[in-house]
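Here you go:
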């Protein structure tokens, strides 16, 4: 039986009314639909009536309260206005679908010892495939619930209508709050890591003898000690109750060093599956580890893919309208690629070794921002030069004083007798205080000096979709740090798109670009072949929100003036790419070479109040111990971005 959908403003009231008749309710719905918020609202309302409400947070990837990697039970504390943790069941995984049987068993054990107090079970947002189809009835049975709520956007189809019908329970469909949004992988990962760090705030180090413990789950081989550090574990007593969760520091022989909160009993069983803190400090899912060990039983402290073996991790982030990739990883030559999605256009920050970039990409590069002319930052110009022989528009290049002469030197060192009208061409801008010197470079011709441009508010480049600001830092030579600042972003109202039955595609990118640039005249061709006016479509389908700023800074000394200038440029940015070449105990080396320590990098990110930090340009001497650099940074700024591998170029609805 299905109860009618109430208006948005009565969601909490509808849940309260359901709890009066069904004291155990399962909240389901896709990620970001507001299940945890609804549970809090209902619990707070019950508390005002003098009733106790409990919640079972059953999403180990990001529970509404308590440590990630566990099923968490709590009651609402009216005085504090938050959930108070009562008990946890350690899972040591963030994957609700893959490990749905341990998850269901944990819920069953937790519910078995509860009284008749109203209970809301906050289910994982798994609504795809066989995992979600099996998890729904399993949680209903384990939680002994008699009513199910589905919270989702009004236009989003229920993927499991038959499974819900087969349950034979009271069901309530509620619309998600209009502002409810999936936070995205990056932000969800950061929230999860913050929750894990908070749980370990009172942790202490201890050593465990593996021979005295029973293992459950999917532990890595004992002969691969490098696969253990960072692993999340659960410590159980003789009766199987969770004493605490913890994090592995090292495995040496039969002794396991861990960090855990204070224990109230003696651990007898170790739960370990696939949750692991990365070298960058983020809690995520570990890659499966082969069961066989190396011949010697030893391996490097970090395990990289073949592509990462020389460069370290290659961070890739998705922000509104772009994808940012640190092409050569955290150890290689600096080269940040900003792919402007839906526009077949790219920006580069620095031009280190470009060997991993396809030649065709050079044709789509419109602007290059060079921090300074040291070879690891400018050596890739020859690749760009060769790739742009043909009928291409001029590429703009921005940098510090002297840049044009350096680039002209590249051109003058090559014989250009056969390119004729296909000579590569560049417009070069050098920042001199509040003035941009302007030069034109055409292969085979003398450099032209053009009229300079005035700089307004540190803005060195501006167009309808974004602008770039710069700050001059000191590296013994002038170095530029850059801030990419998008204009207000236009987003698609997916529910209206679905209501019209229009498939997403490149036409949406064209619509957003034309609306962003103020070109709302003319028409757009829709997927069905019909055409509609740009202005009308934009009004129907698009809404605006602030853009996410990105800052890139590398090769500068740790001086008060450098810190002041960079913090002003990066203040409140969504992400900061910042060098961190040395450890704090190598501060003298950092000072002598004009670079930052990991500590200074973290302190600058904290002072600037950025959303997340991507440290890079590590000295290669730290290839074997890069985790020490990340640990030093995290002591001063914990929100380090994860570093997944590069992603293919795709045009998708954003």
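Residue numbers (the numbering used here): 40 to 693.
Cβ atoms here follow ideal geometry from the backbone N, Cα and C, with glycine treated the same way.
Asked                                                                                                                                                                    : Found
Any contact between the stretch 239-250 and the stretch 290-306? By contact I mean 3 or more CB pairs, one from each, below 8 angstroms.                                 : yes
Quick one: is residue 484 buried, meaning 16 or more other Cβ sit within 10 Å of its Cβ, or exposed?                                                                     : exposed
Could you pull the start and end residues of the alpha helix (DSSP H) that residue 414 belongs to?                                                                       : 414-417
Could you check what DSSP says for residue 125 in three-state terms: helix, strand or coil?                                                                              : strand
Between residue 177 and residue 139, how many whole angstroms is the CB-CB distance? I'm expecting something under 8 angstroms.                                          : 6 angstroms
Helix, strand or coil for residue 405, going by three-state DSSP, please let me know.                                                                                    : strand
In the structure shown, what three-state DSSP assignment does residue 486 receive?                                                                                       : coil
Can you give me the C-alpha to C-alpha distance between residue 154 and residue 221, rounded to a whole angstrom?                                                        : 34 angstroms
From which residue to which residue does the alpha helix (DSSP H) around residue 601 run?                                                                                : 599-609
Sorted by chain position, which residues of the same chain lie with C-beta nearer than 8 angstroms to residue 203's C-beta, five sequence neighbours on each side aside? : 175, 187, 189, 197, 210
Do residue 477 and residue 463 have their C-beta atoms closer together than 9 angstroms?                                                                                 : no
Residue range of the beta strand (DSSP E) that residue 311 falls in?                                                                                                     : 308-316
Using a threshold of 9 angstroms, state whether the C-beta atoms of residue 619 and residue 649 are closer than that.                                                    : no
Thinking C-beta only, is residue 675 closer than 9 angstroms to residue 641?                                                                                             : yes
Helix, strand or coil for residue 524 per DSSP?                                                                                                                          : strand
Would you check if the stretch 515-525 and the stretch 407-422 touch, i.e. whether three or more CB-CB distances between them fall below 8 angstroms?                    : yes
How many angstroms separate the CA atom of residue 680 from the CA atom of residue 235?                                                                                  : 15 angstroms
Can you grab the Cα-Cα spacing for the pair residue 707 / residue 168, in whole Å?                                                                                       : The structure shown has nothing for residue 707, since the chain only spans 40 to 693.
Apart from the five residues just before and just after residue 320, which ones in its own chain have a Cβ nearer than 8 angstroms to its Cβ?                            : 232, 669, 670, 672, 673, 677, 679
Which complete alpha helix (DSSP H) runs does the stretch 98-154 hold, if anything under 4 residues is left out?                                                         : 139-151
Could you check what DSSP says for residue 516 in three-state terms: helix, strand or coil?                                                                              : coil
Between the C-alpha atoms of residue 272 and residue 502, what's the straight-line distance to the nearest angstrom?                                                     : 51 angstroms
Tell me the DSSP secondary structure of residue 194 in three-state form.                                                                                                 : coil
In the DSSP assignment, find the beta strand (DSSP E) that holds residue 467 and state where it starts and stops.                                                        : 464-471
What residue range does the alpha helix (DSSP H) around residue 201 cover?                                                                                               : 200-206
Helix, strand or coil for residue 658? Go by DSSP, reduced to three states.                                                                                              : coil
Have a look at 593, 148, 49 and flag the residue whose alpha-carbon is nearest the alpha-carbon of residue 371.                                                          : 593
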